[in-house]
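Structure record follows, encoded as structure tokens.
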């Protein structure tokens, strides 16, 4: 079935460096969500994007939905140790409650 | 709001035993989801309920797995008999919308 690919799988950055993770689909998506899971924790909803080319910001986090609605990115400016965790993208079909999650990008921040 | 409540938080059992995981969704949420998370397979949807009715159970691995939602405030996921390959973290999540799901703390299951 339809899947999303997340790259990279792992990322190690020095504290203060920027970080970007990408979520790519071979088909057009109705929407995309981003979740964060801290080590030992549970996924927590961050944001949803639904419009072509949409950009949303949450403090140091910038989320973007591609013009063709086939890809999305999450960019973190000046990473902090509190950003450590795994970032998942997900999507749902039109009119469906079911989310399909990518495999995630695990971010490590070196103090 | 207490959030989604799951019990037990940890479960260690021997192969062949029955395991029951429990979930209390957030009050007022009408959708409930059971997920399994492993390193190899990531986060997989097992089953979801809408208004207490199972809508899609295509993610349930096999007949050893069953889930029920007898009322709006309680759901169970049962594995009988359990096998070592069932070892994973099982999350329950609830939602009032299609995209913002609230996850419980999870149950870490180890089958020896």
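Protein chains in written order, with my numbering: chain A, 1 to 111; chain B, 112 to 223. In this text, a Cβ means the ideal position worked out from N, Cα and C, and glycines have one as well. All values reported here derive from a predicted model rather than from experimental measurement.
With respect to the 8 Å criterion, residue 13 of chain A and residue 100 of chain A are not classified as neighbours on the basis of their beta carbons. By the C-beta criterion, the stretch 124-141 of chain B is judged not to be in contact with the stretch 41-50 of chain A, since fewer than 3 inter-stretch pairs fall below 8 Å. Taking the beta carbon of residue 33 of chain A as reference, the chain B residues within 9 Å of it are 210, 211 and 212, listed in sequence order. A buried status is given to residue 217 of chain B, since no fewer than 16 other beta-carbon atoms sit within 10 Å of its beta-carbon. When DSSP states are grouped into helix, strand and coil, residue 167 of chain B belongs to the strand group.
The shortest C-alpha to C-alpha distance from residue 31 of chain A to any of A:57, A:72, A:59 and A:41 is the one to A:72. From the listed residues A:108, A:16, A:23 and A:69, the smallest Cα separation to residue 35 of chain A is found for A:23. Within chain A, 97 and 98 have C-beta atoms less than 7 Å from the C-beta of residue 159 of chain B, given in sequence order. Taking a beta-carbon distance threshold of 8 Å, residue 202 of chain B counts as an interface residue toward chain A.
For residue 153 of chain B, the residues of chain A that pass the 9 Å Cβ criterion are 88, 101, 102, 103 and 104, in the order they occur in the chain.
Around the beta carbon of residue 66 of chain A, 16 or more other beta carbons sit within 10 angstroms, so the residue counts as buried.
The C-beta of residue 118 of chain B comes no closer than 8 Å to any C-beta of chain A.
Rounded to whole angstroms, the Cβ separation of residue 102 of chain A and residue 11 of chain A is 14 Å, and the two are not in contact under 8 Å. Sixteen is the threshold: since fewer than 16 other Cβ atoms of the shown chains lie within 10 Å of the Cβ of residue 50 of chain A, the residue is exposed. For residue 222 of chain B, the number of other beta carbons within 10 angstroms of its own is at least 16, and it is reported as buried. Closest option to residue 220 of chain B, judged by alpha-carbon separation, among B:114, B:117 and B:121: B:121.
Residue contact check for residue 220 of chain B against chain A: no CB pair falls below 8 Å.
Per the DSSP secondary-structure output, residue 219 of chain B pairs in a beta bridge with B:121 and B:200. Across the structure, residue 150 of chain B and residue 196 of chain B are spaced so that their CA atoms are roughly 12 Å apart.
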